[in-house]
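Last residue of the sequence shown: number 371 in this note's numbering, and the count goes up by one each step with no gaps.
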Amino acid sequence: HQPIFLSRYIYVELVSPLDDLVRRVKIRPDSIGAYSGYIDLEDDLAQGVYTIRAYTQYMRNISEDFFFRRHIQVLDPFSLQLEPLVEFEVKKNDLHVSLQFIDRQQNDTITPEVVTSKIGHNAIKTLKPNKDGVYQLDVRLSDKDKNRTLLLGLIYNGRKYNRYYTIPGDQAEYDLQFF
Numbered sequence: 193h194q195p196i197f198l199s200r201y202i203y204v205e206l207v208s209p210l211d212d213l214v215r216r217v218k219i220r221p222d223s224i225g226a227y228s229g230y231i232d233l234e235d236d237l238a239q240g241v242y243t244i245r246a247y248t249q250y251m252r253n254i255s256e257d258f259f260f261r262r263h264i265q266v267l268d269p270f271s272l273q274l275e276p277l278v279e280f281e282v283k284k285n286d287l288h289v290s291l292q293f294i295d296r297q298q299n300d301t302i303t304p305e306v307v308t309s310k311i312g313h314n315a316i317k318t319l320k321p322n323k324d325g326v327y328q329l330d331v332r333l334s335d336k337d338k339n340r341t342l343l344l345g346l347i348y349n350g351r352k353y354n355r356y357y358t359i360p361g362d363q364a365e366y367d368l369q370f371f
């Protein structure tokens, strides 16, 4: 392959699990034609699997099929202290989520000051614990929404923690057959 220099810049993007653009940087080649750079991440960026996407303007004019894509795991150091226990139950489009939180250092159940949830691009919901300290979320998923992702947010001891979870599909929906 021979490189062609029809574009002066490479655009590199960080895309969230909800397909939202988090950050875009424009990278210019150095004196020998090599591209290098970095993406500065916010301290409160939610933990989850993000996509790095890179392209030139020339590539944009052709098709997104030619863009570079790579999945990366973004971790929050606070996750070493706090462990959300998340259970999903999916039946058709009905989703039930149970949440509890464990302080890993104390090995004890905790009750965060605030717990929020957001599914896809829907509104944020604030969750309240039941008498056993379990947070419950019941949602009807839309057939139109192909991105089945839960954004869990909480505040514990004044520290924000956000994490993306992929919502599993209904196991009864699959019929796999081999002939």
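Backbone N, C-alpha and C define an ideal beta-carbon position, used for all residues, glycine too.
Note that the structure is a prediction, hence the values are computed from the model and not measured.
- Here proline 276 carries a strand assignment [DSSP, helix/strand/coil].
- Judged by DSSP secondary structure, asparagine 354 falls outside any alpha helix (DSSP H) and instead within the beta strand (DSSP E) spanning 351–358.
- For the beta strand (DSSP E) assignment, the uninterrupted runs of no fewer than 3 residues enclosed by the region 302–333 are, from N- to C-terminal side, 306–311, 317–319, 327–332.
- Secondary structure note for isoleucine 347: its beta strand (DSSP E) is the uninterrupted segment 341–348.
- Check the Cα spacing between aspartate 236 and each of Asp268, Ile224, Gly312: the tightest is with Asp268.
- Short of 7 Å from the beta carbon of arginine 332, and not among the five residues preceding or following it, lie these beta carbons of its own chain, in chain order: Asn285, Asp286.
- Unbroken alpha helix (DSSP H) stretches of 4 residues or longer found wholly inside the region 228–302: 249–254, given in chain order.
- Taking one beta carbon from each stretch, the region 303–317 and the region 339–358 have 3 or more pairs nearer than 8 Å; the two touch.
- Residue pairing by DSSP puts valine 207 in a beta bridge opposite Leu213, Thr243.
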